[in-house]
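**Student:** One structure, pasted below without further comment.
Protein chains: 2
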Amino acid sequence: MSALPQPPYYAVIFTSQRTPGDQGYGDMADHMAALAAEQPGYLGVESARGDDGLGITVSYWRSTDDILAWRRHAEHKIARDTGRSDWYRHYTLRIAKVERAYGWQREDGEKDPQA
Amino acid sequence: MSALPQPPYYAVIFTSQRTPGDQGYGDMADHMAALAAEQPGYLGVESARGDDGLGITVSYWRSTDDILAWRRHAEHKIARDTGRSDWYRHYTLRIAKVERAYGWQREDGEKDPQA
Chain A
2 MSALPQPPYY AVIFTSQRTP GDQGYGDMAD HMAALAAEQP GYLGVESARG
52 DDGLGITVSY WRSTDDILAW RRHAEHKIAR DTGRSDWYRH YTLRIAKVER
102 AYGWQREDGE KDPQA
Chain B
2 MSALPQPPYY AVIFTSQRTP GDQGYGDMAD HMAALAAEQP GYLGVESARG
52 DDGLGITVSY WRSTDDILAW RRHAEHKIAR DTGRSDWYRH YTLRIAKVER
102 AYGWQREDGE KDPQA
């Protein structure tokens, strides 16, 4: 899971339904994850996809300007175009400002700080 | 996937790593999803968990007061306690204000509105 920087920062919540078959998706997803991690303002990413093909990827960024710059990255544009032509049945994208964040780990045994 | 209300609204991004085995998790998760949907201010939920046990659930709410009220719900408290005792190795929870949102569907063929 992604680290927990101090809020405020930004989340890009990308929820998508895949088309059947890989069609090069896995390789491109790996490449985009590595490329995103090199961009200014990148804070981390979390991603999960179930057997029903519904996936959620949340990437975290320092600012909306950083998100916009990544959005304009040439390779990212190509990946988005291929996503619409080949990989996705539908998707939603939300930009959200993270106002509060906390974590819990079994090994720490710490209580829920907001219980 | 969840509907797309007009921003602003709030997202609760819950990322978790499951312990092995079900241990009653599936039934409780279904019950919590149904119960959450009955709460004031609930707008929707999206959830995915991969074979590695990493899951992301994003629920959407009209306001932080609605999130707090759901947090205080007695049955939800019990579920959280059981999550920490039985179901999760670790989790993170983030409260984020959704500022922008859009969707794309293959059948609509619409262009990316922010391309």
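For the protein sequence lines, the chains are A and B, in the order given. Letter by letter, the first sequence follows residues 2 to 116 of this note's numbering. Letter by letter, the second sequence follows residues 2 to 116 of this note's numbering. Glycine included, C-beta positions come from ideal geometry on N, C-alpha and C.
(1) State yes or no: is the C-beta of residue 42 (chain A) within less than 9 Å of the C-beta of residue 62 (chain A)?
(2) Which term fits residue 78 (chain A), buried or exposed, when burial requires 16 or more other beta carbons within 10 angstroms of its beta carbon?
(3) Of the residues that make up the region 72-100 of chain B, which ones have a beta carbon closer than 8 Å to any beta carbon in chain A?
(4) Straight-line CA distance for residue 71 (chain B) to residue 70 (chain A)?
(5) So, is the C-beta of residue 59 (chain B) closer than 9 Å to a C-beta in chain A?
(6) Can the beta-carbon of residue 14 (chain A) be found less than 9 Å from the beta-carbon of residue 59 (chain A)?
(7) Does residue 44 (chain B) have its Cβ less than 9 Å from a Cβ in chain A?
(8) Specify the secondary structure class of residue 104 (chain A) as computed by DSSP and reduced to three states.
(9) DSSP on residue 19 (chain B), reduced to helix/strand/coil?
(10) Would you call the region 89-105 of chain A and the region 88-105 of chain B touching, i.e. three or more CB-CB distances under 8 Å?
(11) Against residue 105 (chain B), what residues of chain A qualify as contacts under a CB-to-CB distance less than 7 Å, listed in chain order?
(12) Does chain B have any CB closer than 9 Å to the CB of residue 25 (chain A)?
(13) Which bits of chain A does residue 39 (chain B) rub up against, with CB to CB less than 7 Å?
(14) Are at least three pairs of beta-carbons, each pair with one atom in the region 28-44 of chain A and one in the region 24-39 of chain B, less than 8 Å apart?
(15) Quick check on residue 22 (chain A): buried or exposed, where buried means 16 or more other Cβ atoms within 10 Å of its Cβ?
(16) Please decide whether residue 64 (chain B) counts as near chain A, where near means a Cβ-Cβ distance under 9 Å.
(17) Run through chain B and tell me which residues come within less than 9 Å of residue 19 (chain A), C-beta to C-beta.
(18) Assign residue 75 (chain B) to buried or exposed, taking buried as 16 or more other Cβ atoms, counted over all protein chains shown, within 10 Å of its Cβ.
(19) Run down chain B in chain order and give the residues with a C-beta less than 8 Å from the C-beta of residue 36 (chain A).
(20) Comparing the C-beta of residue 70 (chain B) with each C-beta of chain A, is any distance below 9 Å?
(21) Cα separation between residue 25 (chain B) and residue 18 (chain B)?
**Tutor:** On the basis of the supplied data:
(1) In this structure, residue 42 (chain A) lies near residue 62 (chain A), with their beta-carbon atoms less than 9 Å apart.
(2) Exposed is the call here.
(3) Per Cβ criterion, the list reads 72, 78, 81, 85, 89, 90, 91, 92, 93, 94, 95, 96, 97, 98, 99, 100.
(4) Rounded to whole angstroms, residue 71 (chain B) to residue 70 (chain A) spans 36 Å at the Cα level.
(5) Yes, its Cβ sits closer than 9 Å to a Cβ of chain A.
(6) The Cβ atoms of residue 14 (chain A) and residue 59 (chain A) sit closer than 9 Å to each other.
(7) Not an interface residue.
(8) Here residue 104 (chain A) sits in strand by DSSP.
(9) In the structure shown, the three-state DSSP call for residue 19 (chain B) is strand.
(10) Put simply, the region 89-105 of chain A touches the region 88-105 of chain B. At least three CB pairs are less than 8 Å apart.
(11) Correct list: 85, 91, 92.
(12) It does not; no Cβ of chain B falls within 9 Å.
(13) Neighbours of residue 39 (chain B) on chain A: none; closest Cβ ~22 Å, over 7 Å.
(14) Contact between the region 28-44 of chain A and the region 24-39 of chain B is absent, because fewer than three Cβ pairs lie under 8 Å.
(15) Within 10 angstroms of the beta-carbon of residue 22 (chain A) lie fewer than 16 other beta-carbons, which makes it exposed.
(16) Taking Cβ atoms only, chain A never reaches closer than 9 Å to residue 64 (chain B), which makes this a no.
(17) The contacting residues do not exist; residue 19 (chain A) stays about 11 Å from chain B at best.
(18) By the neighbour-count definition (other C-beta atoms within 10 Å, threshold 16), residue 75 (chain B) is an exposed residue.
(19) Within chain B, not a single residue places a beta-carbon under 8 Å from that of residue 36 (chain A); the smallest gap is close to 18 Å.
(20) By this cut-off, residue 70 (chain B) is not an interface position.
(21) Between residue 25 (chain B) and residue 18 (chain B), the C-alpha separation is close to 16 Å.
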